[in-house]
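Be aware that the sequence shown starts at 1398, since it is given in the working numbering, and climbs by one per residue.
Built from N, CA and C at the ideal position, the CB exists for glycine as well.
Structure record follows, encoded as C-alpha cells.
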Amino acid sequence: MRIGVLGLQGAVSEHLASLRKAMKALGLKGEAVWVSRRKDLEGLEGLILPGGESTTIGRLMVSTGLFEEVREEARGGLPVMGTCAGLILLAKEGDEEVRRTGQPLLGLMDMKVVRNAFGRQRESFEAEVRVEGLRGGPFRGVFIRAPAVERVWGEARALAEVEGRIVGVRQGKLLALSFHPELTEDTRMHEYFLELCRGGPGASP
Ligand code: GLN
1398 MRIGVLGLQG
1408 AVSEHLASLR
1418 KAMKALGLKG
1428 EAVWVSRRKD
1438 LEGLEGLILP
1448 GGESTTIGRL
1458 MVSTGLFEEV
1468 REEARGGLPV
1478 MGTCAGLILL
1488 AKEGDEEVRR
1498 TGQPLLGLMD
1508 MKVVRNAFGR
1518 QRESFEAEVR
1528 VEGLRGGPFR
1538 GVFIRAPAVE
1548 RVWGEARALA
1558 EVEGRIVGVR
1568 QGKLLALSFH
1578 PELTEDTRMH
1588 EYFLELCRGG
1598 PGASP
C-alpha cells in the first residue's frame, strides 16, 4: 500500500517514520511517500495532512493545485487523516480567527473548529486521551497550539475529548486529531488510520 504525507510545511518526516513503523507493526507491505505535487497523489490509498501552520499549508495547497485535487480525491473516498493544523483544514466551519485570516478550508468534515483552543499561554501540553475504538488504553496526546472541535453534526462523530473539548473526530474514512501522534513512539493512531485505509474490521464508521 502507498500512503502519502502532505509535505508543504510542518511535521512531515515524523509522520513518514510513524507510518513506516505502523506498517511494520501490522505486517503490511507498503511505502510512505512525501506529497508536494499533484502527481504525487497518484496511486495513493491514504493521505495525512500534518500539523504546522494551517494558514500557510492551506495557501501552499492552493498555489500547488493540491487543494482542489485533495478535496476531489477525499470526496471520492480517499482516506485522509489530519493532525492539528490538518484537522483545521478538514473542517467545514471555522471560528473568528479563520474568518479573519480568510484561510481556505477543505470543508470535508461536518465540524466547527476553534484554532488555538487551549489558550495562548498554554502553548503545549500532554494529556492522556481516550480514543473510542482504539485498542490498548489511552493515547498520550501531544498538543501544540492545538485546535479543538466546538461541535460536530451530520456524519461526523466525536471520538475523543480532553477537558470537555472534542479532540478527535471520525467521518467515514476521514479522521481528524487535535494532537500530534507522530511525536510519540506509540504508533496506534497510525495503525488505526492504516486499518481505515484498508477498509478493515475497525474501519466501519
Ligand atoms: N495553531 C496552528 C494553526 O492554527 C496549529 C498548530 C499545529 O499544527 N501544531 O494552524
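Residue range of the beta strand (DSSP E) that residue 1429 falls in? The residue labelled residue 1429 in the question sits at position 32 within the sequence shown. Its beta strand (DSSP E) spans residues 1428-1432.
Per DSSP, what kind of secondary structure is residue 1461 in: helix, strand or coil? Counting from one through the sequence shown, the residue named residue 1461 turns up at place 64. DSSP places residue 1461 in helix when its eight states are reduced to three.
Validate contact between the segment 1407-1415 and the segment 1568-1580 using beta carbons, cut 8 Å, 3 pairs: yes
Is residue 1483 helix, strand or coil when you go by DSSP? As a position in the sequence shown, residue 1483 is number 86, starting the count at 1. Correct three-state label for residue 1483: helix.
In chain order, what residues place their C-beta within less than 7 Å of a heavy atom belonging to the ligand GLN? Every residue with a CB closer than 7 Å to a heavy atom of the ligand GLN is listed here in chain order: 1407, 1448, 1449, 1450, 1451, 1452, 1481, 1482, 1485, 1512, 1513, 1541, 1542, 1543, 1544, 1577.
Over the uninterrupted alpha helix (DSSP H) stretch that includes residue 1575, give me the two end residues. Numbered from 1 along the sequence shown, position 178 holds the residue referred to as residue 1575. First-last for residue 1575: undefined, no H or E at that position.
Under the three-state DSSP convention, the category residue 1443 falls into: Taking the first residue of the sequence shown as position 1, residue 1443 is located at position 46. Of the three classes helix, strand and coil, the one that applies to residue 1443 here is strand, per DSSP.
In the DSSP assignment, the beta strand (DSSP E) including residue 1525 goes from what residue to what residue? As a working mapping, residue 1525 is identified with position 128 in the sequence shown. That run of the beta strand (DSSP E) goes 1521-1526.
Run of the alpha helix (DSSP H) containing residue 1529, from where it starts to where it stops: By 1-based counting over the sequence shown, the position of residue 1529 is 132. For residue 1529, there is no enclosing alpha helix (DSSP H), since its DSSP letter is neither H nor E.
Go to residue 1497, then tell me how far its alpha helix (DSSP H) extends in each direction, as first and last residue. Indexing the sequence shown from 1 puts residue 1497 at position 100. Run containing residue 1497: 1493-1498, per the alpha helix (DSSP H) assignment.
Beta carbon of residue 1553, beta carbon of residue 1564: below 8 Å? Along the sequence shown, one-based indexing puts residue 1553 at 156. Along the sequence shown, one-based indexing puts residue 1564 at 167. Cβ atoms of residue 1553 and residue 1564: not closer than 8 Å.
Apart from the five residues on each side of it in sequence, which residues of its chain come closer than 6 Å, Cβ to Cβ, to residue 1483? Counting from 1 along the sequence shown, the entry for residue 1483 is found at position 86. The residues are 1446, 1447.
Kindly indicate which residue of 1500, 1490, 1403 has the alpha-carbon position closest to the one of residue 1508. Within the sequence shown, the letter at position 111 stands for residue 1508. Nearest of 1500, 1490, 1403 to residue 1508, Cα basis: 1490.
May I ask you to report which of helix, strand or coil DSSP gives residue 1585? On the sequence shown, position 188 is the one that residue 1585 refers to. Annotated three-state conformation of residue 1585 is helix, per DSSP.
Tell me the DSSP bridge mates of residue 1400? Looking up residue 1400 in the sequence shown gives position 3. In DSSP, residue 1400 forms a bridge with 1429, 1443.
Please look up how many angstroms separate the CB atoms of residue 1540 and residue 1521, rounded, as I've assumed it's under 8 Å. Counted from its first residue, the sequence shown places residue 1540 at position 143. Counted from its first residue, the sequence shown places residue 1521 at position 124. With 8 Å as the limit, residue 1540 and residue 1521 qualify as a contact, their Cβ atoms being about 6 Å apart.
Beta strand (DSSP E) containing residue 1414: first to last residue? Here residue 1414 is taken as the residue at index 17 of the sequence shown, counted from 1. Secondary structure note for residue 1414: it is in no beta strand (DSSP E), and the uninterrupted alpha helix (DSSP H) holding it is 1410-1423.
Is the beta carbon of residue 1487 sitting closer than 8 Å to the one on residue 1444? As a first step, residue 1487 must be located in the sequence shown, where it is residue number 90. As a first step, residue 1444 must be located in the sequence shown, where it is residue number 47. Not closer than 8 Å, so no.
Environment of residue 1435 [buried if 16+ CB atoms lie within 10 Å]: The sequence position of residue 1435 within the sequence shown is 38, counting from 1. Exposed, since its Cβ has fewer than 16 Cβ neighbours within 10 Å.
Contact between the segment 1581-1600 and the segment 1543-1551: three or more CB pairs below 8 Å? In short, these stretches do not touch, since the Cβ pair count stays below three.
Report the CB separation of residue 1429 from residue 1459 in whole angstroms; it is logged as a contact under 8 Å. Indexing the sequence shown from 1 puts residue 1429 at position 32. Indexing the sequence shown from 1 puts residue 1459 at position 62. Rounded, the Cβ-Cβ distance is 25 Å, inconsistent with contact.
Can you give me the C-alpha to C-alpha distance between residue 1570 and residue 1503, rounded to a whole angstrom? In the sequence shown, the residue the question calls residue 1570 occupies position 173. In the sequence shown, the residue the question calls residue 1503 occupies position 106. Computed Cα separation, rounded: 15 Å.
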